[in-house]
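Residue numbers (our numbering): 530 to 598. For every residue, glycine included, the Cβ atom is placed at its ideal position computed from N, Cα and C. Read the structure below first, then the notes.
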């Protein structure tokens, strides 16, 4: 595996982790199990989704760079 492929896989896994955390926050807010207020929880969810999108975008960039080698 090339270094770009390794970085792409790592960023892809990180994106899945961010989405998993956002899903967990959303579920806890939905069932009323969150110790945080709903506005703050919504902000955290949006932040996790933004991080996931950035990680996925970086993974795509690394995959593209890997394909050009």
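Cβ neighbours of residue i in the same chain (closer than 6 angstroms, five flanking residues each side left out)
| i | result |
| --- | --- |
| residue 540 | 584, 587 and 588 |
| residue 550 | 577 |
| residue 580 | 547 |
| residue 563 | 557 and 570 |
| residue 533 | 591, 594 and 595 |
Beta-carbon proximity list for residue i, same chain, < 7 angstroms, skipping 5 on both sides
| i | result |
| --- | --- |
| residue 552 | none |
| residue 536 | 591 |
| residue 565 | none |
With 16 other Cβ atoms within 10 Å as the buried cut-off, status of residue i
| i | result |
| --- | --- |
| residue 569 | exposed |
Chain D within 7 angstroms of residue i, Cβ atoms only
| i | result |
| --- | --- |
| residue 558 | The chain inventory of the structure shown lacks chain D, comprising one protein chain alone. |
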